[in-house]
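Undergrad: Quick one: structure below, then a few questions.
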Amino acid sequence: MQLTLRREHTTNGRKARKHSAMNQNTNTATLETLKAEETRLAQVKAALKEAQSLAKWEAETRAINPQYVFGSVRKPTAEDEAALGHSHGRVCSIRCLSCGEERTVNLQDAKQVVYCKFCKKDADKAKSKTKRASKRLAGKSVADIQAEIEAAQKQLEALQGKVA
Ligand SMILES: [Zn+2]
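So the sequence shown is numbered by the numbering used here: it starts at 20 and just counts up by one.
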């Protein structure tokens, strides 16, 4: 290209200068188009990267918490904000393990929340009941309790014998 231009310049200065200016315009236009396309490419690449990282996050979250609802990551709606009382960035949904209702949670809670608010209360109650029972029964054997049953039974029979 440069070689051709130089030759034209020497053979016919005026024509070559004109040609060169036209070329300059074409090159500028081409450069602008290239730059614009480059910007678009960067935007598409950024969107792709974000989508890939979201897909990875979703797969990881679902593997840890099967109650996570795929494709539920979103900017909080007014309803979401009302449900959360507050929100930091994006939110998502989990499907309650007990009743199947969807619950809005912050992204950072998606891996551990498995119940809706109502079922969570029930689950907590059941959990503390189990905890109390395990504390109460700690160190006791079935034989111990059977012995207690037997002793109480004897007392009961004795009382019933007196009454009868
Ligand atoms: Zn529920």
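Even glycine gets a Cβ: it sits at the ideal position worked out from N, Cα and C.
Say the cut is 7 Å; is the CB of residue 117 nearer than that to a heavy atom of ligand 1?
TA: Position 98 of the sequence shown, counted from the start, is the residue given in the question as residue 117. Within the cutoff, so yes.
Undergrad: Flag residue 121 as yes when its Cβ comes closer than 7 Å to any non-hydrogen atom of ligand 1, and as no otherwise.
TA: On the sequence shown, residue 121 is found 102 positions in, with the first residue counted as 1. No, the Cβ of residue 121 stays beyond 7 Å of every heavy atom of ligand 1.
Undergrad: Helix, strand or coil for residue 120, going by three-state DSSP, please let me know.
TA: What you label residue 120 is simply residue 101 of the sequence shown in a count that begins at 1. Coil.
Undergrad: Using the three-state DSSP reduction, which class does residue 160 fall into: helix, strand or coil?
TA: Counting from 1 along the sequence shown, the entry for residue 160 is found at position 141. Looking at residue 160 - three-state DSSP - the assignment turns out to be coil, as it is neither helix nor strand.
Undergrad: Compute the minimum distance between the beta carbon of residue 135 and the heavy atoms of ligand 1, and state whether it is under 7 Å.
TA: In the sequence shown, the residue the question calls residue 135 occupies position 116. The answer is yes for residue 135.
Undergrad: According to DSSP, is residue 186 part of a helix, a strand, or is it coil?
TA: As displayed, the chain neither begins before 20 nor continues past 183, which places residue 186 out of reach and without an answer.
Undergrad: Rounded to a whole number of angstroms, what is the C-alpha to C-alpha distance between residue 177 and residue 167?
TA: Counted from its first residue, the sequence shown places residue 177 at position 158. Counted from its first residue, the sequence shown places residue 167 at position 148. In a straight line, the C-alpha of residue 177 is about 15 Å away from that of residue 167.
Undergrad: Measuring alpha carbon to alpha carbon, tell me which of 145, 91, 99, 136 ends up nearest residue 76.
TA: Stepping through the sequence shown from its first residue, residue 76 is reached at position 57. Nearest option by C-alpha distance: 91.
Undergrad: Could you tell me if residue 127 is buried or exposed, where buried requires 16 or more neighbouring beta carbons within 10 angstroms of its beta carbon?
TA: Within the sequence shown, numbered from 1, the residue matching residue 127 stands at position 108. It counts as exposed.
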